[in-house]
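What follows is a single structure, written as structure tokens, with notes after it.
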Amino acid sequence: MVCLGNICRSPLAEGILQSKLDPTKFQVDSCGTASYHIGNTPDPRSIEVAKKNGIDISSQRADQFKVSYFDNYDRIYVMDESNYNNVIALAKNQQHINKVKLILQEIQPDSVLEVPDPYYGGADGFDNVYQLLDNACTTIATQLKQNSK
Numbered sequence: 001m002v003c004l005g006n007i008c009r010s011p012l013a014e015g016i017l018q019s020k021l022d023p024t025k026f027q028v029d030s031c032g033t034a035s036y037h038i039g040n041t042p043d044p045r046s047i048e049v050a051k052k053n054g055i056d057i058s059s060q061r062a063d064q065f066k067v068s069y070f071d072n073y074d075r076i077y078v079m080d081e082s083n084y085n086n087v088i089a090l091a092k093n094q095q096h097i098n099k100v101k102l103i104l105q106e107i108q109p110d111s112v113l114e115v116p117d118p119y120y121g122g123a124d125g126f127d128n129v130y131q132l133l134d135n136a137c138t139t140i141a142t143q144l145k146q147n148s149k
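Residue numbering for the sequence shown is 1 to 149, as defined by UniProt numbering.
Right, here's the structure in full:
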């Protein structure tokens, strides 16, 4: 799960998807394309909306996307086109590129939908982002469980 600073959207996506999968079978992680917040906890508003929905993301720490993640992960979900382009720019080959997808394409495959960055808004923005990510992560979790059988 990748966003810009790894404190709002991608930590939520990580926590939501983890809550839907068996941790002994699947590894879910998140990071940002920028280094602004490395080592920081998620935004308090992300922690709060996750907590309100029964998920604890307070122990997560921000990290920056590394080229090695193309080899370490089967799927790389990004929150918006800007971060998609940042990640694709680091890809070494077509196999790497094929792993990267806008997360909301999982619920609307023919669309270029972005998860809005709630950082400069109020709590409502975080609730909206949570709902978008929850819907996408439900679809992703279903696919992953079916593919692992």
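Virtual Cβ for every residue (Gly too), placed ideally from N, Cα, C.
Please classify residue i as buried or exposed, where buried requires at least 16 neighbouring CB atoms within 10 angstroms.
{"i": "GLN131", "result": "exposed"}
{"i": "ASN83", "result": "buried"}
{"i": "GLU81", "result": "exposed"}
{"i": "ASP56", "result": "exposed"}
{"i": "residue 229", "result": "Here the chain comprises residues numbered 1 to 149, so residue 229 is not present and cannot be evaluated."}
{"i": "VAL112", "result": "exposed"}
{"i": "ASN6", "result": "buried"}
{"i": "VAL67", "result": "exposed"}
{"i": "ALA141", "result": "buried"}
{"i": "ILE88", "result": "exposed"}
{"i": "GLY121", "result": "exposed"}
{"i": "GLY54", "result": "exposed"}
So, under 8 Å CB-CB, residue i and residue j are touching, yes? Tell me the CB distance rounded to an integer number of Å.
{"i": "GLY32", "j": "SER10", "result": "7 Å"}
{"i": "MET1", "j": "SER30", "result": "4 Å"}
{"i": "LEU4", "j": "CYS137", "result": "That pair is no contact at about 19 Å."}
{"i": "VAL115", "j": "MET79", "result": "4 Å"}
What would DSSP say about residue i, mapped onto helix, strand or coil?
{"i": "VAL49", "result": "helix"}
{"i": "GLN146", "result": "helix"}
{"i": "GLY39", "result": "coil"}
Skipping 5 residues on each side, what residues in its chain have a beta carbon closer than 7 Å to that of residue i?
{"i": "ILE38", "result": "ALA62, ASP63, GLN64"}
{"i": "ALA123", "result": "ARG45"}
{"i": "ASN86", "result": "THR33"}
{"i": "SER148", "result": "LYS25"}
{"i": "PHE126", "result": "ARG45, SER46, VAL49, PRO118"}
If you drop the 5 nearest sequence neighbours on each side, which residues of the same chain put their C-beta closer than 6 Å to that of residue i?
{"i": "ILE76", "result": "LYS99, VAL100"}
{"i": "PHE70", "result": "HIS96"}
{"i": "ALA13", "result": "MET1, LEU133"}
{"i": "SER35", "result": "GLN64"}
{"i": "ASP43", "result": "ILE7, CYS8"}
What residues in its chain sit with their C-beta under 8 Å from that of residue i, if we drop five residues either side in the sequence?
{"i": "GLN143", "result": "GLU106"}
{"i": "LEU104", "result": "SER111, LEU113, GLU114, VAL115, LEU132, ALA136"}
Subject >> Whole runs of the alpha helix (DSSP H) within the UniProt domain "Phosphotyrosine protein phosphatase I" (2-143), excluding any shorter than 4 residues >> reply: 9-20, 44-52, 69-72, 81-88, 94-98
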